[in-house]
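In the working numbering, the protein residues as written are 7 to 165.
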């Protein structure tokens, strides 16, 4: 699985707005660009998609910029990534039960179920974490996963 810079920067920019927007006032892309070290033209491309998908709205004028179109506590990370047409699949078979191996075989590859389960975990995690969760650094779902893992594996966690 590869999450591109576009996906990472989209999430980072929205968290920047969540942190730096005072009384729901717009945040300019040039300010985000400076704070997060992201090129302004690249941010403009990202925000076209975010606006089109209804995640942000633009405000014109001298103190214009972007604000959230909906509350950041309901904007899920998966929705942000989907809004910018990011592809998060880690399976080459598009999730079907055949065609994993680029050949004429019509069977699953030997690791199909492993990658399918990993894809599901990633989807559920990103669908459960909001922009507000990232801003507040509160990820209950990952804490529960780590606690469950640690209790079953005596603290041997891969880092």
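Glycine residues also receive a C-beta, built at the ideal position from the N, C-alpha and C atoms.
All values derive from a computational prediction rather than experimental measurement.
Q) Should residue 45 be labelled buried (16 or more other beta-carbon atoms within 10 Å of its own) or exposed? A) Residue numbering aside, residue 45 sits at position 39 when the chain shown is read from its first letter. Burial call: exposed.
Q) When DSSP labels each residue in this structure, what does residue 145 get in the three-state scheme? A) Residue mapping note: residue 145 aligns to position 139 of the chain shown, counting from 1. Coil, per DSSP.
Q | beta strand (DSSP E) runs contained entirely in the stretch 42-71, provided each spans 3 or more residues | A | Qualifying beta strand (DSSP E) stretches, in chain order: 62-65.
(Q) Spatial neighbours of residue 82 within its chain, please: C-beta separation below 6 Å, excluding the five flanking residues on both sides. (A) The count along the chain shown starts at 1 and reaches residue 82 at position 76. If we look at residue 82 and ignore the five residues flanking it on each side, its Cβ neighbours are 133, 136.
Q | Whole-angstrom C-beta distance between residue 71 and residue 116, which should lie under 8 Å | A | As a first step, residue 116 is located in the chain shown; it is residue number 110 there, counting from the start. As a first step, residue 71 is located in the chain shown; it is residue number 65 there, counting from the start. The pair is not a contact, with the Cβ atoms about 51 Å apart (cut-off 8 Å).
Q. Just how far apart, CA to CA, sit residue 18 and residue 128?
A. The residue you call residue 18 lines up with position 12 of the chain shown. The residue you call residue 128 lines up with position 122 of the chain shown. Taking the CA atoms as reference points, residue 18 sits about 18 Å from residue 128.
Q: Check each candidate in 21, 43, 91, 26 and name the one with the smallest Cα separation from residue 54.
A: Residue 54 sits at position 48 when you count from the first residue of the chain shown. It is 91.
Q) So the alpha helix (DSSP H) residue 88 belongs to, where does it begin and stop? A) Here residue 88 refers to the residue found at position 82 of the chain shown. In the DSSP annotation of this structure, the continuous segment of the alpha helix (DSSP H) that includes residue 88 starts and ends at 83-89.
Q. From this set, 23, 113, 123, 85, which residue's C-alpha is nearest residue 49's C-alpha?
A. If you number the chain shown from 1, residue 49 lands on position 43. The option with the nearest alpha carbon to residue 49 is 23.
Q) Ordered along the chain, which non-local residues of its own chain (more than five positions away) have a Cβ less than 8 Å from that of residue 69? A) On the chain shown, position 63 is the one that residue 69 refers to. Counting only Cβ-Cβ distances below 8 Å, and skipping sequence neighbours, we find 31, 32.
Q) On the three-state DSSP scale, how would you describe residue 14? A) Locating residue 14 in the chain shown gives position 8, where the first residue counts as 1. Here residue 14 sits in helix by DSSP.
Q: Measure from the alpha carbon of residue 130 to the alpha carbon of each residue in 40, 9, 12, 84, then state which is nearest.
A: Taking the first residue of the chain shown as position 1, residue 130 is located at position 124. If we check each option's Cα against that of residue 130, 84 comes out closest.
Q | For residue 122, the three-state DSSP class (helix, strand or coil) | A | Looking up residue 122 in the chain shown gives position 116. If DSSP states are grouped into helix, strand and coil, residue 122 belongs with the helices.
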